[in-house]
Each structure stands twice: as structure tokens, then as C-alpha cells.
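Student: Please read through the structure below; I'll follow up with questions.
Numbering (our numbering), first residue to last: 13 to 198.
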């Protein structure tokens, strides 16, 4: 796993051992960032189920202003911090070792609104819909905030979020993985 482009291009990232995390494949990450490249400059980004931090670090490398990383695992947050130090991007980041609900509540109290949100939770959970519910309740998005959802159960996720104010405007499939690109309707 490596940083694909930008200031930290080519840096090998530390990854988490074991079955509990599933890093986004480099080819999927590269495709994702080619699609959203124009939205990254000076963006405030949330990498909510961050794992190793690879998505948020790629965003920082490509010009994001600041990334908020969240993972409930101490192993994950240790790896994120090691990767941020290795890429020299620590000063542009904030790392929360919290459950996503707790992190979102803290972020709400800090009055932060995001330009881009990555939601790549463990598969076979309803964390995407639960996170979106809290993100909307806490008003953490702007009118044009981009939410990128990664799942292996596209239809279930689409069903769970169909009654929200979000509009899925693009879906890309990479093997069993789907990337859903979403913005506020209207």
C-alpha cells in the first residue's frame, strides 16, 4: 500500500495486520482519486472509518487542507499516526481514537463542516446509514459536500439511505467493491 500521487507520492504506508480491516486496493484508490481530484484542493476531509488512514493521507498528499481521521481501534490509530509521520502530513490532520458516533459528536461541537467525507466501514454492517444519519443530524456537510461510500453491498446501502437528503449521482464497481458518490439533493 502506497501513496499514489501528490506531495507524498510513492511513500509506502504501514498497514494493519489481521482480518478486521480491509484496505482499499491501490487500483480502487487510484480510480477514486482520479474522479475526485478537482474537489481536493484546500478541502476539509473526514476519513471516518480510517483503518490505516490511506484515503485521508492520499487526500492530503493531493492538496486537501486538513483531514480528520477516526477509527475506534488503538492499532488503527497508531498506524495512522505512524503513516502521518512518515508522510510528514501530521500537522494537517487530527486523529480520533473513538467510535464513529462519539467522534461525530465532538466534531459537531467544534462546528466543522466538511467538503469531502469518506465512509469505508467494515463490510456487513449498517455503519454507512448510521453515520450518514448522524452527519446529517449534526449538520456536518455543506450544500456541495461530496460523500464517498465504499461497500460490497451496493443495493442494501442504497436502500438504507434512499430516504435521506443525499443523491447518489455516480456508482463505480471494482470487482465486488462499489464506490457510491453522493451529494445533497437539490
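Each residue gets a CB set at the ideal place from its N, CA and C atoms; glycine is no exception. Note that the structure is a prediction, hence the values are computed from the model and not measured.
So within the region 74-106, which uninterrupted alpha helix (DSSP H) runs reach at least 4 residues, ignoring any that extend past its ends?
Tutor: Those alpha helix (DSSP H) runs which fall completely within the region 74-106 and span 4+ residues are 86-99.
Student: Please give me, in chain order, every unbroken run of the alpha helix (DSSP H) with length at least 4 that falls completely inside the region 128-175.
Tutor: Taking only runs of at least 4 residues, the alpha helix (DSSP H) segments lying wholly in the region 128-175 are 139-149, 166-173.
Student: Compare the beta carbon distance of residue 73 and residue 39 with 8 Å and say whether it is the shorter of the two.
Tutor: No, the pair does not count as a contact, with Cβ atoms beyond the cut-off.
Student: If we count the other Cβ atoms within 10 Å of its Cβ and call it buried at 16 or more, is residue 95 buried or exposed?
Tutor: Buried: at least 16 other Cβ atoms inside 10 Å.
Student: Using 10 angstroms around the beta-carbon of residue 100, count the other beta-carbons present and answer buried if the total reaches 16, otherwise exposed.
Tutor: Residue 100 comes out exposed.
Student: Which partner residues of residue 125 appear in the DSSP bridge assignment?
Tutor: DSSP output for residue 125 lists no bridge partner at all.
Student: Spatial neighbours of residue 104 within its chain, please: CB distance less than 6 Å, with the 5 preceding and 5 following residues excluded, ordered by chain position.
Tutor: Hits under 6 Å: 72, 78.
Student: Just verifying my parser: in three-state terms, what is the DSSP assignment at residue 41?
Tutor: Helix, per DSSP.
Student: Please list, in chain order, all residues of the same chain as residue 197 whose beta carbon is under 8 Å from its beta carbon, the five residues on each side excluded.
Tutor: Around residue 197: 177, 178, 179.
Student: Is it true that the region 144-159 meets the region 110-120, where meeting means three or more beta-carbon pairs spaced less than 8 Å apart?
Tutor: Taking 8 Å as the limit for Cβ pairs, the verdict is that the region 110-120 does touch the region 144-159.
Student: Let's see if you can read the secondary structure: which residues bound the beta strand (DSSP E) around residue 189?
Tutor: Residue 189 -> beta strand (DSSP E) spans 189-196.
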